[in-house]
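Visitor: To convert a position in the sequence shown, counted from 1, into my numbering, add 1. Using N, Cα and C, we set each Cβ at its ideal position, and we do this for glycine too.
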Amino acid sequence: MKILGSAITPERAWHNRREFLAALAAAAAGSALPGGARAAPVMPVQLIERLRYSRNERYSTTEPATAYADVTSYNNFYEFGTDKSDPAERADRLRPRPWSVVVDGECAAPGRLALEDLLRPHALEERVYRLRCVEAWSMVVPWIGFPLGDLLRRFQPTSRAQYVEFTTLHDPEQMPGQRVPVLDWPYVEGLRIDEAMHPLTLVAVGLYGRVLPNQNGAPLRLVVPWKYGFKSCKSIVRIRFSERQPVTSWKRSAPREYGFYANVNPAVDHPRWSQKRERRIGAGSLSGRQATLPFNGYGDEVAALYRGMDLARFF
Ligand code: MTE
Numbered sequence: 002m003k004i005l006g007s008a009i010t011p012e013r014a015w016h017n018r019r020e021f022l023a024a025l026a027a028a029a030a031g032s033a034l035p036g037g038a039r040a041a042p043v044m045p046v047q048l049i050e051r052l053r054y055s056r057n058e059r060y061s062t063t064e065p066a067t068a069y070a071d072v073t074s075y076n077n078f079y080e081f082g083t084d085k086s087d088p089a090e091r092a093d094r095l096r097p098r099p100w101s102v103v104v105d106g107e108c109a110a111p112g113r114l115a116l117e118d119l120l121r122p123h124a125l126e127e128r129v130y131r132l133r134c135v136e137a138w139s140m141v142v143p144w145i146g147f148p149l150g151d152l153l154r155r156f157q158p159t160s161r162a163q164y165v166e167f168t169t170l171h172d173p174e175q176m177p178g179q180r181v182p183v184l185d186w187p188y189v190e191g192l193r194i195d196e197a198m199h200p201l202t203l204v205a206v207g208l209y210g211r212v213l214p215n216q217n218g219a220p221l222r223l224v225v226p227w228k229y230g231f232k233s234c235k236s237i238v239r240i241r242f243s244e245r246q247p248v249t250s251w252k253r254s255a256p257r258e259y260g261f262y263a264n265v266n267p268a269v270d271h272p273r274w275s276q277k278r279e280r281r282i283g284a285g286s287l288s289g290r291q292a293t294l295p296f297n298g299y300g301d302e303v304a305a306l307y308r309g310m311d312l313a314r315f316f
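1) Within a Cβ cutoff of 6 Å, which residues of the same chain sit near Cys134, ignoring the five residues on either side of it in sequence?
2) Does the Cβ-Cβ distance between Pro226 and Leu149 come in under 9 Å?
3) Tell whether a beta-carbon distance below 9 Å holds between Arg253 and Ile237.
4) Under 9 Å between the Cβ atoms of Phe316 and Met176?
5) Taking C-beta to C-beta, are Pro158 and Phe242 nearer than 9 Å?
6) What did DSSP end up calling Tyr79 once you bin it into helix, strand or coil?
7) Let's test the definition: count the other Cβ atoms within 10 Å of the Cβ of Cys249 and tell me whether it reaches 16, buried, or not, exposed.
8) Starting from Leu322 and walking both ways along the alpha helix (DSSP H), at which residues does that stretch end?
9) By DSSP, does Leu306 sit in helix, in strand, or in coil?
10) Which residues share a DSSP beta bridge with Cys108?
11) Which stretch, first to last residue, makes up the beta strand (DSSP E) that contains Ala205?
12) Between the Cα of Thr63 and those of Pro97, Met140 and Glu279, spot the shortest distance and give me the residue it belongs to.
13) Tell me whether Phe261 sits in a helix, a strand or coil according to DSSP, three-state version.
14) Report yes if the CB atom of Gly112 is closer than 9 Å to the CB atom of Ala162, and no otherwise.
15) Kindly identify the DSSP beta-bridge partner or partners of Tyr164.
16) Do you know offhand how far Pro247's Cα is from Leu312's?
17) So, is Pro272 buried or exposed, given that buried needs 16 or more other C-beta atoms within 10 angstroms?
18) For Phe147, name the three-state secondary structure that DSSP assigns.
19) DSSP on Trp138, reduced to helix/strand/coil?
20) Return the CA-CA distance between Val189 and Lys235, expressed in angstroms with no decimal places.
21) Using only CA atoms, which one of Glu127, Glu174 and Tyr54 lies nearest to Leu95?
22) For Tyr69, report the span of its alpha helix (DSSP H) as first-last.
23) Can you tell me the Cα-Cα spacing of Leu125 and Asp301, whole angstroms?
24) Can you tell me where the beta strand (DSSP E) with Leu120 in it begins and where it stops?
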């Protein structure tokens, strides 16, 4: 199913709506409304409508999804604090609209795109993916998004583009956790170009059929289902193609504990705890522990990317 604003809206109305959006953006950025009310946040045109998407069965697990309440209240988003409950309590300070993303580095067509221009060409899909955190818990989430590779190709990466680096917004006003040096802000993550182009790698803009809640990384975040959750960078403002492997935040902060690859691997323990099992959030304390699968269960799709590599060394 197509979700393009331009496909579901007559051309004229589309332009009117763009003007309307621009006016809303100006209102949100500038003047307060009478009576102290705040202007409504500006939504990209695709997201004004209820999210429209098709379901991707091929890439969806049939395991039961984790409850919406758990997916949106048990979060890691250190920009809002290090407790699991901090993001849901504090992320209302984040203003995910208006938003823009810079794409640069080793590509022929770099640029800064407003969120709506970034999203417009992409049809949204629902994909139910497992998310396995390095802390040995897991969830099953019905994400809404589109393949990252489709986005990256628009910027025409050159043959020197061996890696892709992702950077989260850096603004301690909106993200109070950035006042505390738990990480070297802004949050930076990276993928090898073939990992980034893999059809499983998703740009998520929603979950459970709705626009992405701030605590889950609004307005757009990565979901890389065969890697530990920390690779799935939230609230992205910059995507950079590079020849060299990016220096990622977790690797910089604790290189013995967090590698660049971070593929889910029950055979390679974290130095301080086992990765053999995981606790499924919301499944109850007795039934909730289960074996962790290599590549988080996505080995048939992605193991070939690492053929010949020693995954204990490149962890
Ligand atoms: N992205 C940013 N910018 N900051 C973070 O602290 N935490 C990571 C990842 N992306 C994080 C981030 C970790 S450790 C995990 S497990 C997932 O986000 C959690 O995603 P969720 O809160 O949507 O479940």
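Guide: Inspection of the coordinates gives the following:
1) Excluding residues within five positions, the ones whose Cβ falls inside 6 Å are Gly230.
2) Against a cut-off of 9 Å, the Cβ pair of Leu149 and Pro226 comes out as no contact.
3) In this structure, Arg253 lies away from Ile237, with their beta-carbon atoms at least 9 Å apart.
4) For the pair Phe316 and Met176, the CB atoms are not nearer than the 9 Å cut-off.
5) It is a contact, given that the beta carbons lie within the stated cut-off.
6) Correct three-state label for Tyr79: helix.
7) A small correction: the amino acid at residue 249 is Thr; Cys does not occupy that position in the sequence shown. Counting Cβ neighbours within 10 Å, Thr249 comes out buried, since at least 16 surround it.
8) Here the chain has residues from 2 to 316 only, and residue 322 is not among them.
9) In the structure shown, Leu306 sits in a helix (DSSP, three-state: H, G or I).
10) Cys108 is bridged to Pro158.
11) Run containing Ala205: Leu203 to Leu208, per the beta strand (DSSP E) assignment.
12) Closest by C-alpha distance to Thr63, out of Pro97, Met140 and Glu279, is Met140.
13) Under the three-state reduction of DSSP, Phe261 is assigned to coil, being neither helix nor strand.
14) No, the Cβ-Cβ distance between Gly112 and Ala162 is not below 9 Å.
15) Looking at the DSSP output, Tyr164 sits in a beta bridge with Arg193 and Ser243.
16) So the two alpha carbons sit approximately 19 Å from each other.
17) Burial call: exposed.
18) The answer is strand: DSSP assigns Phe147 an E or B state.
19) Here DSSP, grouped into helix, strand and coil, assigns Trp138 to strand.
20) Cα-Cα distance, rounded: 10 Å.
21) When only C-alpha atoms are compared, the closest one is Glu174.
22) It spans Tyr69 to Val72 - the alpha helix (DSSP H) in which Tyr69 sits, taken as one unbroken run.
23) Approximately 24 Å, taken between the alpha carbons.
24) Unbroken run through Leu120 is the alpha helix (DSSP H), Leu116 to Leu120; no beta strand (DSSP E).
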